[in-house]
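Protein chains: 2
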Amino acid sequence: MTNDSLPSWNDGAAKSAILDFVARVTKEGGPDFVPPAERIAIFDNDGTLWCEQPLQVQFFFGRERLETMARKDPGLKERQPFKAYLERDMAAIHDLGKKGLLEVGAAVHAGMTEDAFEEYARNWLATTKHPKLGRLFTELTYRPQVELLDFLRAHGFKTFIVSGGGIDLIRCFSEERYGVARDQVVGSSVKTRFEMQDDRGELVKLAEIDSFDDREVKPHNIGLHIGRRPILAFGNSDGDLAMLRYCKTGPGPRLALLIHHDDAEREFAYDREFRLSPLAEALDKADEYGIVVVSMKRDWRTVFETG
Amino acid sequence: MTNDSLPSWNDGAAKSAILDFVARVTKEGGPDFVPPAERIAIFDNDGTLWCEQPLQVQFFFGRERLETMARKDPGLKERQPFKAYLERDMAAIHDLGKKGLLEVGAAVHAGMTEDAFEEYARNWLATTKHPKLGRLFTELTYRPQVELLDFLRAHGFKTFIVSGGGIDLIRCFSEERYGVARDQVVGSSVKTRFEMQDDRGELVKLAEIDSFDDREVKPHNIGLHIGRRPILAFGNSDGDLAMLRYCKTGPGPRLALLIHHDDAEREFAYDREFRLSPLAEALDKADEYGIVVVSMKRDWRTVFETG
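In order, the protein sequences belong to chains A and B. Going by the numbering used here, the first residue of the first sequence is number 1, and it counts up by one from there. Going by the numbering used here, the first residue of the second sequence is number 1, and it counts up by one from there.
Structure follows, in C-alpha cells:
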C-alpha cells in the first residue's frame, strides 16, 4: 500500500491512520484480519461527503415548493417551521434545527409518488447551483472522500452512507458521485402509502416523518438497515458521535474519524457555532474516545471533486 | 443458458419463464436489457425460501423464553397474545395472526442487546430441530430457491429477502444458507435504544414493534431499504401480493412468481386454509395480474436443500 492510494490526502497522522488500518484488517493471517463480509464502512453525508454550508442542501431543495405551497395556502406563513423558512429567518431556522428542515421537506413533498419525486429531484440537482459557490451541489462533493470510498471498496469494504438528510434525495446521486448503491444509503425518511394508481403500484410520500436519522437514531438505523456493527465510521458533527462510538467500542480493530472544517479559504471554517449541526462534544472528547480528527486544511490536498 | 442452470427445477412453464426472463434482461443491446444496478430480485422467506409449517419458525424460536417469562410473571397467562401461545391454543394463535407472533417475539427478546440476541439465536438455530421433520430449521431451506438465488447473482442480480419474519433472526443464517448479506435482509423489526454499557455502545431491543413487514408494508420497506423497484419478486402468500404487484406493474420487463404448496408428500399441501398466512387472493388473481404460479409438486425436482 503506497501513499499514492489517496493522492488528495496529505501525508500526516490522519492518512497514516487510514492506510495502517486498512493494511491491518486486510492482511490475511494477521492478528487484525477482518473477513470481507464484516468490512463495513459508514459515512455521514452533509459536511462529511459534501458541503453543508451555509445550510444543508435539503434547505435549498425544498424552498421552491414551499413558496408555491404558501401562495396557495397563506396560513403556512403563520405556522412553524414554515414561517421561519418562508421569511428566511436564520436565527429561527437554527432554533428549529435539522428536524425543522425535515418537517418542511416532509410537508412539501407529501402526495408525490417515489417515482415522481425521483424525477423532480434529479432535475433539480442537474440544474440548481449553490448560491455562494456557483456550482451544482453535486459538484461540491469532497475529492479526498470519494477517493477514500473507492480505496475502501478496492480493499473489500462495503461502503454505506448514514445521513440525517432525506434518504431519497441522496439516492438520486449516490451511485454516480460516490459509487454507493441506493440500497447502501441510510437516512431520514417519511412514511409512505402503497396504492394502485391507473393499474400501477406506487409508493406515495406522506407528510409524516418515519425516522429522523440523527444522534442516537443513527446506530438504530445502522442496526435496521445494515445489521452489522461498522468497523470504520466517518462523521463531522455531534450528530455523528453516537455512530462513531457504536463503531469504535466494538471488539477488534476499529477506526472512527471526524472532519474538522477549519479551512475558511478553500471551504468554510466552523464547528460549535453552527447550531444546525454543531461540532462541539465530539471534538472535545475525540482524544478520550479514540476518534481521529481530520483537519480539512492540513490533511486534504484538494477539497472539491470538481473545481 | 442451458437447463442445467437450475438442476432442481423440472422443465416446464415456470422454469422457462425464469430462464427466458434472465436471458432477456441480461442481453446487452437487446430491447429488454436492464443494467446490473437495476437488477433487483426480492424473495419472501417463510414458505418461499424455507418451510413455514406447521407454524413459522419464529413461533418455535420464542417459545422457550416465553415459558421462562411466564414462570416469573404468571399474569402473562391471562393476557393475549401470550395466553394463546402458552396454552398452544392453535385456533387462537391463528386468530391473532402473524402480528401476534411478532408481539410475542418483541416481548420475549426485549432488553437483550443485538449482540446477545445474535449469540442466543445462532445457538438456538444450531441445536433446535423441526418438531415434525426432525431436522434443523436451517436444513429446511428449499434447494431450488438457493439455486435460483445463486443463478440470479451469477447474472448480475442483487438478491434481497423481504420477510414478515424478524429481521435479526433471518440475518443469523441468510449469509450461510442463502448467500444473502445481512444488509440485504428486510423484515419485521422492533425499536432499539442505543446506550453505553461498560464503555461499549449497545443496541438494546425494546418491546415495541417498529415495523410489521407484511402486505402493503412490504413495498414501503422495499422503498426504505432498497430504494428501487424490484424487477423480480417471489412470494407464496397474500402477504406478498402487494410486493408482487409493486414489482410487476413497473415499466420494462418484470417477473413475479408465487409458490403454491401443493406437495403433501414431500412437504405440505395448503393455501387458503392456512389462516396465519393464507394464499387465496393472490392465487385467484395470479392470471389477471400476470403472476407465474410455481407448483412445488410439479416444478421442483427436489424440495429441501439438505435431506
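C-beta atoms are modelled at their ideal positions from N, C-alpha and C, and glycine is treated no differently. Bear in mind the structure is a predicted one, so any value in this text is a computation, not a measurement.
Do the CB positions of Ala-233/A and Leu-224/A come within less than 8 Å of each other? Numbered from 1 along the first sequence, position 233 holds the residue referred to as residue 233/A. Numbered from 1 along the first sequence, position 224 holds the residue referred to as residue 224/A. Going by C-beta atoms, Ala-233/A is not nearer than 8 Å to Leu-224/A.
Cβ of Lys-205/A within 8 Å of Cβ of Ala-110/A? Locating residue 205/A in the first sequence gives position 205, where the first residue counts as 1. Locating residue 110/A in the first sequence gives position 110, where the first residue counts as 1. Yes; because the gap between Cβ atoms is below 8 Å, this pair is in contact.
Does Glu-288/A have its Cβ less than 8 Å from a Cβ in chain B? Taking the first residue of the first sequence as 1, we reach residue 288/A at position 288. Taking 8 Å as the threshold, the shortest C-beta distance from Glu-288/A to chain B does not fall below it.
Option nearest Leu-19/B by Cα separation, candidates Asp-262/B, Leu-102/B, Lys-191/B, Leu-152/B: Against the second sequence, residue 19/B aligns to sequence position 19. Minimum Cα distance to Leu-19/B is reached at Leu-152/B.
Residues bridged to Met-296/B [DSSP beta-bridge criterion]: Translated into the one-based positions of the second sequence, residue 296/B becomes position 296. The partner list for Met-296/B (beta bridge, DSSP) is empty, contrary to what the question assumes.
List, from N- to C-terminal side, the alpha helix (DSSP H) runs of 4 residues or more that fit wholly inside the stretch 126–206 of chain B. 143–154, 167–171
What residue range is occupied by the uninterrupted beta strand (DSSP E) comprising Ala-256/B? Residue numbering aside, residue 256/B sits at position 256 when the second sequence is read from its first letter. Its beta strand (DSSP E) spans residues 255–260.
Cut-off 8 Å between Cβ atoms - residues of its own chain near Gly-156/A, not counting five sequence neighbours on either side: Within the first sequence, residue 156/A is the residue found at index 156, counting from 1. Result list for Gly-156/A: Thr-26, Pro-36, Arg-39, in chain order.
Neighbourhood of His-310/A by C-beta distance below 6 Å, restricted to the same chain and skipping five residues each side: No answer is possible for residue 310/A: it lies beyond the span of chain A, which begins at 1 and ends at 307.
Any idea if Gly-164/A is buried or exposed, counting beta-carbon neighbours within 10 angstroms, 16 or more meaning buried? Your numbering for residue 164/A matches position 164 in the first sequence. Buried: at least 16 other Cβ atoms inside 10 Å.
Local Cβ density within 10 Å of Phe-33/A, reported as buried at 16 or more and exposed below that: Taking the first residue of the first sequence as 1, we reach residue 33/A at position 33. Exposed is the call here.
So, using beta-carbon positions, are Asn-236/B and Val-162/B closer together than 8 Å? Locating residue 236/B in the second sequence gives position 236, where the first residue counts as 1. Locating residue 162/B in the second sequence gives position 162, where the first residue counts as 1. Note that the C-beta distance between Asn-236/B and Val-162/B is not below 8 Å.
Proximity winner among Tyr-142/A, Asp-213/A, Arg-63/A, Asp-150/A, relative to Ile-93/A (alpha-carbon distances): Locating residue 93/A in the first sequence gives position 93, where the first residue counts as 1. It is Arg-63/A whose Cα lies nearest to the Cα of Ile-93/A.
Is there a Cβ from chain B that is less than 8 Å from the Cβ of Glu-312/A? No answer is possible for residue 312/A: the residues shown for chain A start at 1 and end at 307.
Pick from Gly-100/B, Lys-191/B, Thr-138/B: whose alpha carbon is nearest that of Cys-172/B? Looking up residue 172/B in the second sequence gives position 172. Comparing Cα-Cα distances from Cys-172/B to each of Gly-100/B, Lys-191/B, Thr-138/B, the minimum goes to Thr-138/B.
Host alpha helix (DSSP H) of Gly-100/B (start-end): Counting from one through the second sequence, the residue named residue 100/B turns up at place 100. It spans 90–109 - the alpha helix (DSSP H) in which Gly-100/B sits, taken as one unbroken run.
Using the Cβ count rule (16 or more neighbours within 10 Å means buried), how would you classify Glu-267/B? Translated into positions along the second sequence, residue 267/B becomes position 267. Buried, since its Cβ has 16 or more Cβ neighbours within 10 Å.
If I measure Cβ to Cβ from Arg-254/A and keep anything under 6 Å in the same chain, skipping five residues before and after, which residues do I get? For the purposes of this step, residue 254/A is identified with residue 254 of the first sequence, where counting begins at 1. Once the five neighbours on either side are set aside, the close Cβ partners of Arg-254/A are Ile-231, Cys-247, Lys-248.
Grab the span of the beta strand (DSSP E) containing Leu-76/A for me, first residue to last. Locating residue 76/A in the first sequence gives position 76, where the first residue counts as 1. Element bounds for Leu-76/A: n/a, residue is neither H nor E.
Since Asp-150/A and Gly-179/A should fall inside the 8 Å C-beta cutoff, what is the C-beta to C-beta distance between them, to a whole number of angstroms? Taking the first residue of the first sequence as 1, we reach residue 150/A at position 150. Taking the first residue of the first sequence as 1, we reach residue 179/A at position 179. About 6 Å; that satisfies the 8 Å criterion.
What residues in the stretch 11–24 of chain B bring their beta carbon closer than 8 Å to a beta carbon of chain A? none
Is there a C-beta anywhere in chain B that falls below 8 Å from the one on Val-57/A? Counting from one through the first sequence, the residue named residue 57/A turns up at place 57. No, Val-57/A lies away from the interface with chain B (no Cβ there is under 8 Å from its Cβ).
Please decide whether Glu-114/B counts as near chain A, where near means a Cβ-Cβ distance under 8 Å. Position 114 of the second sequence, counted from the start, is the residue given in the question as residue 114/B. At least one chain A Cβ lies under 8 Å of Glu-114/B.
Own chain residues within Cβ distance below 7 Å of Arg-193/A, not counting five before or after: Indexing the first sequence from 1 puts residue 193/A at position 193. The residues are Val-204, Leu-206.
Am I right that Leu-276/A and Lys-98/A are in contact with their C-beta atoms under 8 Å? What's the rounded C-beta distance? For the purposes of this step, residue 276/A is taken as the residue at position 276 of the first sequence. For the purposes of this step, residue 98/A is taken as the residue at position 98 of the first sequence. Indeed they touch by this definition, with Cβ atoms about 6 Å apart.
For Ala-256/B and Gly-252/A, what's the separation of their Cα atoms in angstroms? Taking the first residue of the second sequence as position 1, residue 256/B is located at position 256. Taking the first residue of the first sequence as position 1, residue 252/A is located at position 252. Near 43 Å, if we compare the C-alpha coordinates of Gly-252/A and Ala-256/B.
Considering only C-alpha positions, which residue in the set Tyr-289/A, Phe-274/A, Thr-128/A, Glu-281/A is nearest to Leu-55/A? Against the first sequence, residue 55/A aligns to sequence position 55. The candidate whose alpha carbon is nearest that of Leu-55/A is Phe-274/A.
Closer than 9 Å by beta-carbon distance: list the chain D residues that pair up with Thr-138/B, in chain order. Any reference to chain D falls outside this structure, whose protein chains are A and B.
Alpha-carbon spacing of Trp-300/B relative to Gln-145/B, whole angstroms: Here residue 300/B refers to the residue found at position 300 of the second sequence. Here residue 145/B refers to the residue found at position 145 of the second sequence. Cα to Cα, Trp-300/B sits roughly 10 Å from Gln-145/B.
Listed in chain order, which residues of the stretch 154–176 of chain A have Cβ atoms closer than 8 Å to some Cβ of chain B? Of all residues in the stretch 154–176 of chain A, Lys-158, Phe-160, Ile-167, Asp-168, Arg-171, Glu-175 have a Cβ within less than 8 Å of some Cβ in chain B.
What residues from chain B crowd round Phe-194/A, counting only those whose CB sits closer than 7 Å? Indexing the first sequence from 1 puts residue 194/A at position 194. Glu-216, Pro-219, His-220, Ala-242, Tyr-246, listed in chain order.
Give me the chain A residues within the contact set of Ser-237/B, using Cβ-Cβ distance strictly less than 8 Å, ordered along the chain. Counting from one through the second sequence, the residue named residue 237/B turns up at place 237. Chain A residues near Ser-237/B: none, gap ~17 Å exceeds 8 Å.
CB contact below 8 Å: Gly-354/A versus chain B: Outside the shown range of chain A, which is 1 to 307, sits residue 354/A, and nothing can be said about it.
Where does Glu-176/A land, buried or exposed, given buried means 16+ other C-beta within 10 angstroms? Position 176 of the first sequence, counted from the first residue, corresponds to residue 176/A. Looking at its Cβ environment, which holds fewer than 16 other Cβ atoms inside 10 Å, Glu-176/A is exposed.
Among Lys-72/B, Ile-291/B, Phe-160/B, which has the Cα closest to the Cα of Gly-187/B? For this step, residue 187/B is matched to residue 187 along the second sequence. That would be Phe-160/B, whose Cα lies nearest to the Cα of Gly-187/B.
With a threshold of 16 other CB atoms inside 10 Å of the CB of Ser-16/A, please say whether the residue is buried or exposed. Position 16 of the first sequence, counting from 1, holds the residue named residue 16/A. Looking at its Cβ environment, which holds fewer than 16 other Cβ atoms inside 10 Å, Ser-16/A is exposed.
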